[in-house]
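Asks:
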Amino acid sequence: MAQLFPKSANSLAPASLAALVLVAGGAVGSLLALDYAGFNQRRGETVEQKVPFSHEHHVAGLGIDCRYCHTSVETSAVAGIPPTSTCYNCHKTVWNEAPMLEPVRSSVKTGQPLEWTKVHDLPDFAYFNHSIHVAKGIGCATCHGPVHEMRLMRSAQPLQMRWCLDCHRNPEKFIRPKEEIYNMTWKAKDQETLGRELVRAYGVRPPAEITSCGTCHR
Numbered sequence: 015m016a017q018l019f020p021k022s023a024n025s026l027a028p029a030s031l032a033a034l035v036l037v038a039g040g041a042v043g044s045l046l047a048l049d050y051a052g053f054n055q056r057r058g059e060t061v062e063q064k065v066p067f068s069h070e071h072h073v074a075g076l077g078i079d080c081r082y083c084h085t086s087v088e089t090s091a092v093a094g095i096p097p098t099s100t101c102y103n104c105h106k107t108v109w110n111e112a113p114m115l116e117p118v119r120s121s122v123k124t125g126q127p128l129e130w131t132k133v134h135d136l137p138d139f140a141y142f143n144h145s146i147h148v149a150k151g152i153g154c155a156t157c158h159g160p161v162h163e164m165r166l167m168r169s170a171q172p173l174q175m176r177w178c179l180d181c182h183r184n185p186e187k188f189i190r191p192k193e194e195i196y197n198m199t200w201k202a203k204d205q206e207t208l209g210r211e212l213v214r215a216y217g218v219r220p221p222a223e224i225t226s227c228g229t230c231h232r
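Dropping the structure here:
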């Protein structure tokens with residue numbers, strides 16, 4: 015019986031498989047490099063909302079505490095989104111005819127809650143608990159950035175696993191006194207010295223314990 019393939023085919027098949035592995039590996043490597051460089055992030059981008067709520071005006075201008083709106087930040091995994099009644103405490107008399115606040119007035123009339131689009135939208139496989147971070151001395155600005163300067167809310171941090179791990183491995187670089195949690199402009203004179211003291215005082219667990227997979231993936 016005549017030979018169907020030339021002898022060169024014996025080396026062609028392994029070479030083809032090797033090329034396929036290289037191409038696939040290169041594609042995966044490129045995707046990882048793009049992710050590491052942050053090209054797939056929405057960092058710095060504002061998100062369109064039905065009501066253009068300005069943290070700059072409410073926090074820096076009026077001095078409203080974070081907890082006035084985010085009432086469950088110290089007791090729950092989620093910080094909480096305020097009900098329309100919270101907005102209406104002021105806006106039933108202040109700017110009560112402003113067109114941009116029509117969704118607020120409509121929500122009060124119909125009883126339907128305002129719909130907000132998440133800015134810091136973590137994937138479902140990542141678990142984050144606001145209350146434990148606040149209790150251990152991690153300030154709002156550490157993760158959310160200079161909120162008091164944001165006319166429209168935007169994501170200030172990459173929210174990637176390596177960014178989270180940087181804090182879990184070196185909590186002394188980020189921790190602050192509990193009385194400064196909601197202070198957007200607070201800066202330590204000697205962060206690492208103070209940080210080491212606070213890590214001990216607040217009972218922050220060793221990095222080996224808070225960098226395990228089960229800490230954030232449950």
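Residue numbers (our numbering): 15 to 232.
Positions of the beta carbon are idealized from the N, C-alpha and C atoms, including for glycine.
1) Beta-carbon separation of Val118 and Val61 under 8 Å?
2) Excluding the five sequence neighbours on either side, which residues of its own chain have a C-beta within less than 7 Å of the C-beta of Pro66, listed in chain order?
3) One question on the structure: do Arg210 and Trp200 come within less than 8 Å of each other, judged by their Cβ atoms?
4) Put Thr156 into one of helix, strand or coil per three-state DSSP.
5) Express the C-alpha separation of Pro185 and Thr85 in angstroms, rounding to a whole number.
6) Can you tell me which of the three DSSP states Thr60 falls into?
7) What would DSSP say about Glu168, mapped onto helix, strand or coil?
8) With DSSP run on the structure shown, which of helix, strand or coil describes Thr207?
9) Taking its Cβ as the centre, do 16 or more other Cβ atoms sit within 10 Å of Val35, making it buried, or is it exposed?
10) At the level of alpha carbons, what is the spacing between Val87 and Ser145?
11) Identify, in the order they occur along the chain, each residue of the same chain with its Cβ nearer than 6 Å to the Cβ of Arg153, setting aside the five sequence neighbours on each side.
12) What's the gap between the Cα of Arg168 and the Cα of Lys150?
Replies: On the basis of the coordinates in this document:
1) Residue 118 sits at position 104 when you count from the first residue of the sequence shown. Residue 61 sits at position 47 when you count from the first residue of the sequence shown. Contact: no.
2) As a position in the sequence shown, residue 66 is number 52, starting the count at 1. Within the same chain, Pro66 has close Cβ partners Met114 and Leu166.
3) If you number the sequence shown from 1, residue 210 lands on position 196. If you number the sequence shown from 1, residue 200 lands on position 186. Against a cut-off of 8 Å, the Cβ pair of Trp200 and Arg210 comes out as no contact.
4) What you label residue 156 is simply residue 142 of the sequence shown in a count that begins at 1. If DSSP states are grouped into helix, strand and coil, Thr156 belongs with the helices.
5) Taking the sequence shown and counting its residues from 1, the one referred to as residue 85 is at position 71. Taking the sequence shown and counting its residues from 1, the one referred to as residue 185 is at position 171. Going by the C-alpha atoms only, they are around 25 Å apart.
6) In the sequence shown, the residue the question calls residue 60 occupies position 46. In the structure shown, Thr60 sits in a strand (DSSP, three-state: E or B).
7) Residue mapping note: residue 168 aligns to position 154 of the sequence shown, counting from 1. Before going further, note that residue 168 is Arg rather than Glu in the sequence given. The answer is strand: DSSP assigns Arg168 an E or B state.
8) Residue 207 sits at position 193 when you count from the first residue of the sequence shown. Reduced to three states, the DSSP call for Thr207 is helix.
9) Within the sequence shown, the letter at position 21 stands for residue 35. It counts as exposed.
10) Residue 87 sits at position 73 when you count from the first residue of the sequence shown. Residue 145 sits at position 131 when you count from the first residue of the sequence shown. Each residue's alpha carbon lies about 6 Å from the other.
11) As a first step, residue 153 must be located in the sequence shown, where it is residue number 139. Note on identity: in this sequence residue 153 is Gly, with Arg being the wrong assignment. Cβ within range, chain order: Arg190 and Ile195.
12) Within the sequence shown, the letter at position 154 stands for residue 168. Within the sequence shown, the letter at position 136 stands for residue 150. Between Arg168 and Lys150, the C-alpha separation is close to 25 Å.
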